[in-house]
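Those sequence lines, one after another, are chains R and S. Numbering of the first sequence is given in our numbering, commencing with residue 1417 and proceeding in unit increments. Numbering of the second sequence is given in our numbering, commencing with residue 4 and proceeding in unit increments. Virtual Cβ for every residue (Gly too), placed ideally from N, Cα, C. Data block below; observations after.
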Amino acid sequence: MGELLEVRELVKHFPVTRGVVFRRTVGRVRAVDGVSFSLRAGETLGVVGESGCGKSTLAQVLMRLEAPTSGTVLFEGSPVFGLRGAALRRWRRDMQIVLQDPYTSLNPRMTVGDIVGEPFEIHPEVAPRGSRAGRVRELLDVVGLNPEHLNRYPHQFSGGQRQRIGIARALALRPKLIVCDEPVSALDVSIQAQVMNLLGELQDEFGLAYIFIAHDLSVVRHLSDRVAVMYLGKIVEIGTEEEIYEHPTHPYTQALLSAVPVADPTLRGRRDVIRLTGDVPSPVNPPTGCRFRTRCWKAQDVCATEEPALAIRVGNHPSACHFAEERHVIP
Amino acid sequence: MLLEVEDLHVEFRTRDGVARVLNGVSYHVSAGETLAVLGESGSGKSVTAQAVMGILDTPPAHVTRGSVRFHGEELLSASPERRRAVRAEGVAMIFQDALSALNPVFTVGFQIEEQLRLRRGMSRAQARARAIELLDLVRIPAARQRVREYPHQFSGGMRQRAMIAMALALDPEVLIADEPTTALDVTVQAQIMDLLAEIQRERRMGLVLITHDLGVVAEVADRIVVMYAGRIVEQADAVSLFRSPGHPYTAALMRSLPRLDSKGAALETIRGLPPSLLRVPPGCPFHPRCPRAEDVCASRVPPDVPLGAGRTSACHFAEEVVGG
């Protein structure tokens, strides 16, 4: 089967400006800086990384909510950034997004029925006017909400229920791919599990592909077939869930996995602990060569001069480190 | 006992009615001990801390019953001056959001020095020197320059360190940390938790760590209290709690957590939602969501059932739950 989505050398820079009347560009935030990956139908790609790594900007650019600086995205083989008019509208049905904050991503003045049914206003061909109310009820039922509640407003729902409303809205046009940008990170543990299970069930039922963006590594592992690790606008390692978690080869992936607290007190003091020093450098002025070298314990001279390509050096999956080697860090 | 909370009841009197936010919370922490207070939003874990610190907003919050003692001294009835003194030198607190906890119009140095000059009578120069020492202690690089900077010039992790430095300025015996790493990235979170653990060990401080994160709890806590709907439903030492939870809520919480070490099948979930505190269910507050609830659970509030080794569980069937 062909690729559903193919992303090639995607770049998004934001200008940093100074002055009000005489605005001038004094620098560029390199939010996404040359990202390539592909996704098959029905597959989930997890994207992990810390704040500022560019994972949310990536989502915005993929959805065409932000224009890319350069690069191409192919959806079922056709370039997404070249789409206009009817072809663009058709593509928008196929790709939808679920956002992090269930409080600000729903219009407080619209009823749930109107929120979930709004996509049909823009794409009337999907559901003829007479059938819409029924369709909305169906969608609410599919995401585990009471279909009778379609006249209620978002504030009458809890955080987890609101996230379900956002998912129902994303499902309305029967998309092939949903980009989920931190969909469970605002939720309590007991509610988070409900929403994660729902996403899994919907995938099985509708054959959806997901790009699942999150900072919680356990959440990403649970839902993903493949995982990309991002650092300062670049993918530093990409592979299957098993390869990334059991056989990580990039020092940043290893440090990230090692830093996750594990819910087992008997492992205290018995884990392979890697502690990074300092914070993530500014994406306005990223380090030369390898961007991780300023926090890396393996850094050599070559890391400052030569940017490591994302390539297979050991094992079976690519990693952007000159000194890639496997290290098992999860107990 | 360093700090004791006993049978604390707090209610919020709102336009919609009286929300019973705390319904008899008791815990204690001794020198050198880390007590984790685990709970989801609305469980009352932060309100308990605010009541201990005397920083609840009244109205709407009212402490209706209970006792908070520091070295045996009752704080709830103490004079405002006495409470201020304890707040400065006895029990200090740090918060999740360092940016809003620090004053944006004063330098970080000034905010640390202020208390040293006021409480310790230090001169400007002495206070500055001590502030630099404290920033050094929490591993802020180039402390000599950083002391003159404003909070917005610090990164998230650095701000959290600055707030810890401020809390430690007057050598408190107890530190209450309310979700200190929740807003931080995981690599920075690990640095801050290491720092807190180290400082606590060196100073033999009592640490009350308020969090929703079972992983953080497992890594640092000596003892754990689990809160639900304004009550403590279980308390135990860390190893026992994770090996054999004694309350159905704790057990369900653990099973609903995705794991780092395996992909796992579908997660077990807890059905329904936490109750509104305006209408806490009668009997056990967890019974509408509990997989093993029986008739008695809806009518009688379960007592704290002792499970040995200082463990308790507020469940009618605690012995069966802990036995698996």
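- In summary, the residues of the segment 233 to 246 of chain S whose CB is separated from some CB of chain R by less than 7 angstroms are Ala241, Val242, Phe245, in the order they occur in the chain.
- Residue nearest to Ser1452 of chain R within the set R:Ile1538, R:Tyr1569, R:Ala1727, R:Asp1620 is R:Ala1727 (criterion: CA-CA distance).
- Scanning chain S for C-beta atoms nearer than 9 angstroms to the C-beta of His1571 of chain R yields nothing, as the closest lies near 13 angstroms away.
- Neighbours of Leu280 of chain S in chain R, taken as residues whose beta carbon is under 9 angstroms from its own, are absent, since the nearest beta carbon is some 13 angstroms off.
- An exposed status is given to Asn1701 of chain R, since fewer than 16 other beta-carbon atoms sit within 10 Å of its beta-carbon.
- Here the C-alpha atom of Val21 of chain S lies approximately 12 angstroms from the C-alpha atom of Pro62 of chain S.
- Here the segment 179 to 195 of chain S lies against the segment 1669 to 1678 of chain R, with 3 or more beta-carbon pairs under 8 angstroms apart.
- Bounds of any alpha helix (DSSP H) do not take in Thr1433 of chain R; it lies within the beta strand (DSSP E) bounded by 1419 to 1434.
- Secondary structure remark: continuous alpha helix (DSSP H) runs of at least 4 residues inside the segment 123 to 179 of chain S, in chain order: 127 to 140, 146 to 149, 159 to 171.
- In this structure, DSSP gives Asn1732 of chain R a state outside helix and strand, which the three-state scheme calls coil.
- By the C-beta density criterion, Arg234 of chain S is buried, having at least 16 other C-beta atoms within 10 angstroms.
- Apart from the 5 residues on each side of it in sequence, Glu222 of chain S sits with its Cβ closer than 8 angstroms to the Cβ of Met196 in its chain, given in chain order.
- Secondary structure of His74 of chain S (DSSP, three-state): coil.
- Closer than 8 angstroms at the C-beta level to chain R, one finds these residues of the segment 187 to 208 of chain S: Asp188, Val189, Thr190, Val191, Gln192, Ala193, Gln194, Met196, Asp197.
- The beta-carbon distance between Gln238 of chain S and Thr315 of chain S, rounded to whole angstroms, is 5 angstroms. This is short enough to meet the 8 angstroms contact definition.
- A contact between stretches requires three or more CB pairs, one per stretch, nearer than 8 angstroms, and the segment 301 to 310 of chain S fails this requirement with the segment 213 to 227 of chain S.
- For Cys1469 of chain R, there is no enclosing beta strand (DSSP E), as DSSP marks it with neither H nor E.
- Within chain R, Ser1634 have C-beta atoms less than 7 angstroms from the C-beta of Arg262 of chain S, given in sequence order.
- DSSP places His12 of chain S in the uninterrupted beta strand (DSSP E) bounded by 6 to 17.
- According to the DSSP assignment, Gly1450 of chain R belongs to the beta strand (DSSP E) that extends over 1440 to 1456.
- For the 9 angstroms CB-CB criterion, Gly1501 of chain R and Ala1630 of chain R do not form a contact.
- Every unbroken stretch of the alpha helix (DSSP H) spanning 4 or more residues and falling wholly within the segment 1611 to 1683 of chain R is given here in chain order: 1633 to 1639, 1657 to 1662, 1667 to 1675.
- Distance from the CA of His155 of chain S to the CA of Leu105 of chain S, rounded to the nearest whole angstrom, comes to 9 angstroms.
- Taking the Cβ atoms as the reference, Asn1613 of chain R lies roughly 6 angstroms from Leu270 of chain S, within the contact range of under 8 angstroms.
- Sequence-ordered contacts of the segment 1505 to 1536 of chain R with chain S are nonexistent [C-beta pairs closer than 7 angstroms].
- By the C-beta density criterion, Gly124 of chain S is exposed, having fewer than 16 other C-beta atoms within 10 angstroms.
- Within 8 angstroms of the CB of Asn1613 of chain R, the CB atoms of chain S belong to Ala269, Leu270, Thr272, in sequence order along the chain.
- Contact fails between the segment 1631 to 1641 of chain R and the segment 1715 to 1725 of chain R, because fewer than three Cβ pairs, one in each stretch, are under 8 angstroms apart.
- DSSP places Ser29 of chain S within a strand segment (E or B) once states are collapsed to three.
- With respect to chain S, the C-beta atom of Ala1644 of chain R has no partner C-beta closer than 9 angstroms.
- No Cβ-Cβ contact shorter than 9 angstroms links Leu1648 of chain R with Gly1487 of chain R.
- Across the structure, Ser1454 of chain R and Glu1422 of chain R are spaced so that their CA atoms are roughly 4 angstroms apart.
- Taking 9 angstroms as the cut-off, the beta carbon of Gly1533 of chain R is found closer than this to the beta carbon of Ala1588 of chain R.
- Linking Arg133 of chain S to Gln148 of chain S through their CA atoms gives a straight-line distance of about 14 angstroms.
- Approximately 15 angstroms separates the beta-carbon atoms of Gln163 of chain S and Pro144 of chain S; this is outside 8 angstroms, ruling out the contact.
- DSSP places Gln99 of chain S in the coil class of the three-state scheme, outside both helix and strand.
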